[in-house]
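Counted the way UniProt numbering counts, the sequence shown spans residues 1 to 300.
Structure first, commentary second.
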Amino acid sequence: MIDVHQHLWPEAFVDRLRARRQPPYLTGWTLHTATEAPYDVDPAAHELGKRVALEQDLGTTLAAVSLSSPLGVEHLGDEELLTAWHAGAAEFPKPFRAWASVNLLEPDVEELKSLLAKGFLGLQLPAHVLGTPAGWDAVGELLRTAELSGRPILVHPGVADQTDGPGWWAPVVDYTAQLQAAWWAWHAYGGRRAYPELRMCFVAAAGLAPVHHERLTARGGRLGTIDPKLYVDTSSYGPQGIDAVARVLGIDQVVHGTDRPYAGITDLRQGDAATAVIRHDNPHRLLFGAGFPPPERGVQ
């Protein structure tokens with residue numbers, strides 16, 4: 001089983017968050033961000049030994065962890081925080097491997113190339129900066145670097161707007177809106193024409209954006225055939241949402257992602273064959289490409 005979407009904080013990253021005095025920062029295990037209410041982090045969720053044991057029990061052969069983009073780290077200019085993330089994540093034991101992140105204030109393509117050469121799986125980008133065609137154009141050098149390196153892009157929710165809504169508001173409303181905007185902006189931008197070989201995954205089923213393809217057609221738009229290099233993950237959704245998305249994109253474009261520790265594995269009720277491809281074959285193809293032979297399936 002391959003999980004393309006998890007979060008796990010290295011000790012040095014936690015220490016650096018505690019040293020900060022401006023959001024994002026930690027006081028003990030309480031997380032303070034610029035736009036969301038303080039959040040009490042479960043220390044056990046970031047205890048490496050427990051997380052390794054959990055994935056071993058589940059039969060996970062690869063768990064891809066990423067920086068928490070809603071923290072806004074990519075726009076802080078805090079190189080020590082980014083360095084702490086990459087240095088710590090690079091040392092995680094199996095089954096963990098990591099997505100790279102970059103300083104989006106001054107993107108360093110050479111640094112990204114170095115991280116990818118060191119074994120980072122691909123590049124995570126925050127959805128809140130990709131909500132317009134111009135947003136995609138602005139990260140063009142990063143997209144091209146990933147494409148030429150044969151590495152994928154992970155689109156993850158970024159910084160939420162400030163609101164007086166309840167605690168679930170940002171994940172349910174803001175994050176999904178970001179993902180939907182990024183999905184449609186990618187298509188409006190003509191992303192596939194610009195980057196024909198780039199593999200990409202939108203987490204959380206792209207905020208269910210594919211379900212709205214019927215509305216696009218009704219309004220005179222057209223996306224054409226299924227894009228075999230464009231994927232969505234299953235995080236935070238269950239049988240209804242994933243079944244609806246799979247009916248539009250096809251089951252081969254759906255990959256297993258949990259968003260652990262914020263969510264876990266859900267029975268999608270797709271049957272054994274579909275479950276196997278969602279949890280193994282599809283994520284392997286996303287991460288390594290169609291020409292890279294997959295290993296035998298482990299425990300599903």
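Where is the CB? At the ideal position from N, CA and C, for every residue including glycine.
Bear in mind that the values here come from a model prediction, so they are computed numbers and not experimental data.
Problem set entry | Within 9 Å, strictly: CB atoms of P157 and W183 | For this step, residue 157 is matched to residue 157 along the sequence shown. For this step, residue 183 is matched to residue 183 along the sequence shown. No, these two residues do not count as a Cβ contact at 9 Å.
Exercise. Between A84, L112, V73 and G250, which lies nearest to A34 when the distance is taken from Cα to Cα?
Worked result: Reading the sequence shown from its first residue, position 34 is the one you call residue 34. The option with the nearest alpha carbon to A34 is V73.
Exercise. Between which two residues does the alpha helix (DSSP H) harbouring T60 extend?
Worked result: For the purposes of this step, residue 60 is taken as the residue at position 60 of the sequence shown. Counting along the chain, T60 falls outside any alpha helix (DSSP H), and DSSP gives it neither H nor E.
For this session: Below 7 Å CB to CB, which residues in the same chain sit around L105 once its five sequence neighbours on both sides are set aside?
Result: As a first step, residue 105 must be located in the sequence shown, where it is residue number 105. In the same chain as L105, and ignoring 5 residues on each side of it, the C-beta atoms closer than 7 Å to its own belong to H75 and G77, in chain order.
Problem set entry | C-alpha distance - I265 paired with Y237, whole-angstrom precision | For the purposes of this step, residue 265 is taken as residue 265 along the sequence shown, with counting starting at 1. For the purposes of this step, residue 237 is taken as residue 237 along the sequence shown, with counting starting at 1. Those two C-alpha atoms are separated by around 10 Å.
For this session: Report yes if the CB atom of L112 is closer than 9 Å to the CB atom of W85, and no otherwise.
Result: Your numbering for residue 112 matches position 112 in the sequence shown. Your numbering for residue 85 matches position 85 in the sequence shown. Going by C-beta atoms, L112 is not nearer than 9 Å to W85.
Exercise. From which residue to which residue does the alpha helix (DSSP H) around H86 run?
Worked result: The residue labelled residue 86 in the question sits at position 86 within the sequence shown. Residues E79 to A90.
Exercise. What does a CB cutoff of less than 6 Å around T30 pick up in its chain, not counting 5 residues either side in sequence?
Worked result: Taking the sequence shown and counting its residues from 1, one reaches residue 30 at position 30. Hits under 6 Å: P38 and D40.
Exercise. Taking C-alpha atoms, which residue in T132, D161, I251 and T83 lies nearest to S114?
Worked result: Residue mapping note: residue 114 aligns to position 114 of the sequence shown, counting from 1. Nearest Cα to S114 within the set T132, D161, I251 and T83: T83.
Problem set entry | Helix, strand or coil at Y231 [DSSP, three-state] | Position 231 of the sequence shown, counted from the first residue, corresponds to residue 231. Note: Y231 maps to strand in three-state DSSP.
Problem set entry | Minimum C-alpha distance to E36 - residue among P24, G28, P43 and D42 | The residue given as residue 36 occupies position 36 in the sequence shown. When each option's Cα is compared against that of E36, the closest is P24.
Problem set entry | Simplified DSSP assignment, three categories, for D3 | Taking the first residue of the sequence shown as 1, we reach residue 3 at position 3. In the three-state reduction of the DSSP assignment, D3 falls in the strand class.
Exercise. What are the boundary residues of the beta strand (DSSP E) that includes A246?
Worked result: For this step, residue 246 is matched to residue 246 along the sequence shown. For A246, no beta strand (DSSP E) encloses it; the enclosing alpha helix (DSSP H) starts and ends at P239 to L249.
For this session: In angstroms with no decimal places, state the Cα-to-Cα distance between L81 and L26.
Result: As a first step, residue 81 must be located in the sequence shown, where it is residue number 81. As a first step, residue 26 must be located in the sequence shown, where it is residue number 26. Distance between the alpha carbons of L81 and L26: 13 Å.
Exercise. When the Cα of R97 is compared with those of D3, P196 and Y195, which residue comes out closest?
Worked result: To locate residue 97, count along the sequence shown from 1; it is residue 97. Ranking D3, P196 and Y195 by Cα distance to R97 puts D3 first.
For this session: Measure the alpha-carbon distance for G49 versus A188 and round it to whole angstroms.
Result: Within the sequence shown, the letter at position 49 stands for residue 49. Within the sequence shown, the letter at position 188 stands for residue 188. One C-alpha to the other measures close to 44 Å.
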